[in-house]
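*Asks:* Shown below is the structure under consideration.
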Amino acid sequence: MSPTFVFVHGSNGNSLGWAPLQRELALRGHRSLAVDLPGHGFGTTFPARTRRRRTRPS
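Under numbering that gives the first Met the number 0, read the sequence shown as residues 0 to 57, first letter to last.
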């Protein structure tokens with residue numbers, strides 16, 4: 000059984016950054032999984048508590 004690789008992106012990325020490597024691994028018979036951390040990727044937004052709000056200086 001071949002190994003399965005799990006990829007986690009850096010702070011300014013998403014799972015798509017691993018796509019070229021995942022294709023190469025698949026050609027060699029390996030499985031892989033690339034995950035999007037919260038707030039990254041196409042289907043997610045930052046949780047409301049982490050959003051920045053613009054405010055006027057007082």
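Glycine residues also receive a C-beta, built at the ideal position from the N, C-alpha and C atoms.
Helix, strand or coil: how does DSSP classify LEU32 here?
*Replies:* In the structure shown, LEU32 sits in a strand (DSSP, three-state: E or B).
*Asks:* Going by beta carbon distance, what residues of the same chain come within less than 8 Å of ALA18, once the five residues before and after it are set aside?
*Replies:* Around ALA18: ALA33.
*Asks:* How long is the line joining the alpha carbons of SER1 and GLY28, rounded to whole angstroms?
*Replies:* Between SER1 and GLY28, the C-alpha separation is close to 7 Å.
*Asks:* What first and last residue would you give for the alpha helix (DSSP H) that runs through ARG27?
*Replies:* Premise fails: ARG27 is in no alpha helix (DSSP H) and is neither H nor E.
*Asks:* Taking Cβ to Cβ, would you say ASP35 is nearer than 7 Å to ASN13?
*Replies:* It is a contact, given that the beta carbons lie within the stated cut-off.
*Asks:* When you compare only the Cα positions, how much space is there between PHE6 and SER31?
*Replies:* If you take the alpha carbons of PHE6 and SER31, they lie about 8 Å apart.
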